[in-house]
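Chains as they are written, first to last, in this note's numbering: chain B, 1 to 247; chain P, 1001 to 1638; chain W, 2001 to 2211. Heads up, the beta-carbon is just placed ideally off N, CA and C, and yes, glycines get one too. This report refers to the structure that appears directly beneath it.
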Ligand SMILES: Cc1cc2nc3c(=O)[nH]c(=O)nc-3n(C[C@H](O)[C@H](O)[C@H](O)COP(=O)(O)OP(=O)(O)OC[C@H]3O[C@@H](n4cnc5c(N)ncnc54)[C@H](O)[C@@H]3O)c2cc1C
Ligand code: HEM
Ligand code: SF4
Ligand code: FES
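So, in structure tokens, the structure goes:
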């Protein structure tokens, strides 16, 4: 099928960017979205032009490295799907597709469609862990955890850190990402000792990094490829309030 | 040079305990002054960096992704083994040890494997303490499942995302140390060389992938945890960026390469759909518990799967291996699929696929049960192929999945370069010629949490007086200059073909001649072909842009240049090993019914290759494998 | 935001109950008594001031939030398709709030300012003289433009609360798979539809009556 791509091109973080249009006459519907970019890049390189830079690694929907804002939606039109898992059979012959990088001041553009998401790492460094040194652990089965809690914690932990929530949020808020980690650890007995300190520190760094504020539009939940629930944001809000009241 | 594996004295079950008690320690005050470089933030690297940081060392950690959390370990699905015996089915450290040695077709080192089995239990404890949400039973205790041709249930899992959860656990421990400033993180950095001063590894040269700047980093010791090199085949289940550069450069600087030809081919992957294919996706092994594998009995049968009547289907695994049926080990299942497809019975448009059919199980157990067990996998399959596995059988084909080979290391996980360590998939150590399912995660975390942080003391305790070496030392300068020149050379070729072109060519040759089945003639042919591809690569590759900026083509080119060298060594190694064992199947060495034929008298050794210089033959060293605790037998799954 | 917003929601309810006195067919007696009570009772007065404080807080907070959120994405997307992921109201809270603010200014000017500082007509109820708020209101409501502004603003309040009411609970971390749907329904039917509709009914009623 024939696909026209309008892709954001930007040499680096300091220069301004613009859209370039490319036409691909023969796209197979079995291709993934990124494989279509491979094909396009192959062509560009053969012509000696700069290929389009984009992030990707696992191409299995689990590393969270791929991004791309496709036709106005993070990771494209399919819900529950990362860009690398999006296949061309979901587009039609003759479509024009607009592809932009994640846009948020906390995610500065590196080049073309690549952005810097290290702000996420810094939020985790502020408290997204349980302080237990190697070798300090008790036998795993000495901490029974109700299956329901374990499953809920797992659902929160399924976040791949892709940043689609930030990209899609009209406020560029990182609440879904941060709350997924806060909530995972708040649901587990191991996470209790640091529960209040953790949420405070993580929220503090989240704000410092320049993410916007949550106004509960709920777009993040819809666009999150891992279906992380707004429940976690509520849990984090609660914990945050409690932690401020407690001390 | 004589290879000394430094295996401690004593009975196998006590070696590690006794050795641990005698390893010299570095006192806390000195740890503060010792810097360690850890390259890689997968399970092996993140766990090591975090633990070393906790111990008080100053650590620098590197990864090429934008965040340490994205290392390829994240993609592991099935689970992690541990000899906890929570299932009360008679599991024990010894049994895990035995299974691993046997699964590896008797080509791994007993002492290392036993230690692995010993520390396996502590891994689970550690991960649970970190908040890793393993699957649980209703009683609140941990659930186990059985995995990959063993008779006990010792695999811990977190849905189909075990690797992700374990890595996020290690990443959180690492993040904590970064927050405490014990570890400094360098993401989007690629190690291009190791720096050796007075015979010891003292640092690395890394390229900042955003600015393109080359950087020098000093460390009293350097730990490589850079994962496997399966991408030498271009198509594999590895992440796109997985590479050999770090270990290959170390190899060229003097670290011996162990068993390079030992590659694991996983039988259940989604087949190639066209030339555009960039990677292959694994479908968990667990599918074989309820799916039946078949091909049509008629050659080139173009009917739809559902239209082929039962009596015209060939359930070839059940036919050939009545005892294990669809559950034979990975290498055997993979080869059997290739055999059928090569003989012209393959299915799908490419004819390079076999069916994995769930209709029997759906009839027997109901769709709900199958959905509960494999729902997410079916979804992935449907996403990629557009076909519904509930109604049409899945098409699967084997794909490169794991490399058992890697840098040769001794019991301390140190390579033949003093001060240079290798952990996780990038070393050769624990899996012999074939890795059991759910054992790579175990090894990565064992190495990183519990082994390396202790054994590295053996080296560092002698180094407490060494001051940090300034990075203007001539050796740093030299290494940086070499890297610089290599980059400049690549950029100046300005040929006509993209890097991927050569990578795909290499992959085809490796897959064809050094993949699932190998023979002497083919290997010799392949050696020449790889050399030719390498030559044309260095003449015809084109890399647009400049080296002083983000340049993904240059990154790829640097990796592929190394794959093009490693490929040849793999071929040499496969050629040298005149036997079939585990994932290494030499067609000349098989039993009458086509099974692998090991030669324990002549090949019970680890091959450790020494680099001798550009365009010179590498020299083979042999570390004999001595088995004192298990009896060598021919594997049989009939 | 959530606290002030939800406080304003309760205020809306009280305010509505009072205003419904307008519909009593007694020539404004009940209403004028009510408005005098509101203007003079010390307790009500304090509550009123608290209320003003909350409105102010809510407005300032709202604008601050909107400004911060704008800063969080200095360069927007060329193509945005949020219709599938979030409701229109949720994306336009500041706009809706601003309409409400304009309305509030007009509203305060016509009634509160007049009541306090204006030259009010006077009426006598049971021998006591009262400011005749009723006729001021009726007169104002009889003007079509005024009624129209009212109706538009009530739509704005409706949409504001369609998202805002439930959102306030989420912000406070009050979320439960059993109660949250009830909260959402309350937000939709009571706060987004019924209350604004009743408020809007008053000017519409007087306007039509006057035609
Ligand atoms: C699809 C799939 C499923 C699997 N499932 C299972 C399973 O169920 N159970 C199991 O036990 N095993 C499984 N495995 C195998 C297992 O995941 C890997 O062997 C293991 O995770 C490797 O971990 P590692 O830490 O050694 O390396 P990796 O996780 O690959 O990490 C490598 C690290 O090194 C860095 N790096 C590499 N090169 C450089 C360089 N030149 N410069 C700087 N940094 C560099 C990378 O950035 C990365 O951080 C699976 C593998 C695959 C592909
Ligand atoms: C009758 C008056 C009003 C009521 C009852 C009201 C109620 C609410 C409620 C309940 C919220 C949700 C709070 C949260 O999610 O935490 C909210 C949010 C908001 N309000 Fe109001 N509000 C009123 C007037 C105004 C005015 C006059 C403005 C300002 C200009 C305004 C601007 C906002 C803004 C910007 C938000 C943002 C939060 C979001 O987008 O969800 N509101 N309001
Ligand atoms: S919460 Fe969802 S959208 Fe946000 S980073 Fe995690 S996986 Fe991505
Ligand atoms: S590339 Fe890993 S999630 Fe898309």
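request  = Tell me, please, whether the CB atom of residue 2080 of chain W is closer than 8 Å to any CB atom in chain B?
outcome  = yes
task = Leaving out five residues on either side along the sequence, give the residues of the same chain with a beta carbon under 7 Å from the beta carbon of residue 1209 of chain P.
result = 1064, 1188, 1189, 1190, 1550, 1555
query = Is the closest heavy atom of ligand 3 to the C-beta of residue 162 of chain B under 7 Å?
reply = yes
inquiry  = Let me see if you follow: with CB-CB separation under 8 Å, is residue 2077 of chain W close to chain B or not?
reply    = yes
query = Should residue 56 of chain B be listed as close to ligand 4, given that the test is whether its C-beta is under 7 Å from any heavy atom?
reply = yes
message = When you compare the CB of residue 39 of chain B with every CB in chain P, is at least one pair closer than 8 Å?
response = For residue 39 of chain B, at least one C-beta of chain P is nearer than 8 Å to its own C-beta.
Spatial neighbours of residue 1341 of chain P in its chain, beta-carbon cut-off 6 Å, leaving aside the 5 residues before and after = 1352
message = In the DSSP output, which residue or residues are listed as bridge partners for residue 1217 of chain P?
response = Under DSSP, the beta-bridge partners assigned to residue 1217 of chain P are P:1204.
request  = In the DSSP assignment, find the alpha helix (DSSP H) that holds residue 1073 of chain P and state where it starts and stops.
outcome  = Taken as a continuous stretch (DSSP letters only), residue 1073 of chain P belongs to no alpha helix (DSSP H), as it is neither H nor E.
ask   = Comparing the CB of residue 228 of chain B with every heavy atom of ligand 3, is any distance shorter than 7 Å?
value = yes
query = Helix, strand or coil: how does DSSP classify residue 1549 of chain P here?
reply = coil
request  = Quick one: residues in its chain with C-beta nearer than 6 Å to the C-beta of residue 1115 of chain P, no 5 flanking neighbours on either side, listed in chain order?
outcome  = Once the five neighbours on either side are set aside, the close Cβ partners of residue 1115 of chain P are 1016.
task = Would you check if the distance between the CB atom of residue 2138 of chain W and the CB atom of residue 2200 of chain W is smaller than 8 Å?
result = no
Residue from W:2161, W:2089, W:2204, W:2023 with nearest C-alpha to residue 1985 of chain W = Examination of residue 1985 of chain W is not possible in this model, given that chain W is present from 2001 through 2211 alone.
Status (buried if at least 16 other CB within 10 Å, exposed otherwise) for residue 2088 of chain W = exposed
query = If you draw a straight line from the alpha carbon of residue 2189 of chain W to that of residue 2161 of chain W, how long is it in whole angstroms?
reply = Whole-angstrom Cα-Cα distance: 10 Å.
Chain B contact residues for residue 1542 of chain P, given Cβ-Cβ distances below 8 Å = Here the neighbours are 45, 46, 48.
Cβ neighbours of residue 2051 of chain W in the same chain (closer than 6 Å, five flanking residues each side left out) = 2011
Contact check, residue 1434 of chain P vs residue 1103 of chain P, beta carbons under 8 Å = For residue 1434 of chain P and residue 1103 of chain P, yes; Cβs fall inside 8 Å.
query = Shortest alpha-carbon distance to residue 2177 of chain W belongs to which of B:107, B:69, B:235?
reply = B:235
key: Residues that residue 2093 of chain W contacts on chain B, provided the C-beta gap is smaller than 8 Å   = 215
inquiry  = Which residues does DSSP list as the beta-bridge partners of residue 1402 of chain P?
reply    = P:1264
inquiry  = Closer than 7 Å between beta carbons: that is the criterion. Which residues of the region 1111 to 1135 of chain P meet it against chain B?
reply    = 1124, 1125, 1126, 1128, 1129, 1130, 1131, 1133
inquiry  = Do residue 1613 of chain P and residue 1043 of chain P count as a contact pair if the criterion is CB distance below 8 Å?
reply    = no
message = Does residue 1631 of chain P come out as helix, strand or coil in the three-state DSSP assignment?
response = The answer is coil: DSSP assigns residue 1631 of chain P none of H, G, I, E or B.
task = Under 7 Å between beta-carbons, which chain W residues line up against residue 98 of chain B? List them in chain order, please.
result = 2078, 2079
key: Separation of residue 1422 of chain P from residue 1142 of chain P, as counted between CA atoms   = 31 Å
ask   = Looking at residue 177 of chain B and ligand 3, is the gap between the Cβ and the nearest heavy atom below 7 Å?
value = Yes, Cβ of residue 177 of chain B sits closer than 7 Å to a heavy atom of ligand 3.
key: Cβ shell of residue 1418 of chain P (< 8 Å), same chain only, five flanking positions each side left out   = Cβ neighbours of residue 1418 of chain P beyond the five flanking positions: 1199, 1200, 1201, 1459.
query = Using DSSP with H/G/I as helix, E/B as strand and the rest coil, what is residue 81 of chain B?
reply = In the structure shown, residue 81 of chain B adopts coil according to DSSP, grouped into three states.
message = Could you compute how far the alpha carbon of residue 169 of chain B sits from the alpha carbon of residue 203 of chain B?
response = 17 Å
ask   = First and last residue of the beta strand (DSSP E) that includes residue 1539 of chain P?
value = No beta strand (DSSP E) contains residue 1539 of chain P, which is instead part of the alpha helix (DSSP H) from 1520 to 1540.
query = When you compare each of B:95, B:238, B:80, B:216 to residue 2163 of chain W by their alpha carbons, which one comes out closest?
reply = B:216
ask   = Can you tell me whether DSSP reads residue 102 of chain B as helix, strand or coil?
value = coil
ask   = Is residue 2163 of chain W near ligand 2, judged by its Cβ being under 7 Å from some heavy atom?
value = yes
request  = Kindly say whether residue 1498 of chain P, judged by its beta-carbon, lies nearer than 8 Å to any beta-carbon of chain B.
outcome  = yes
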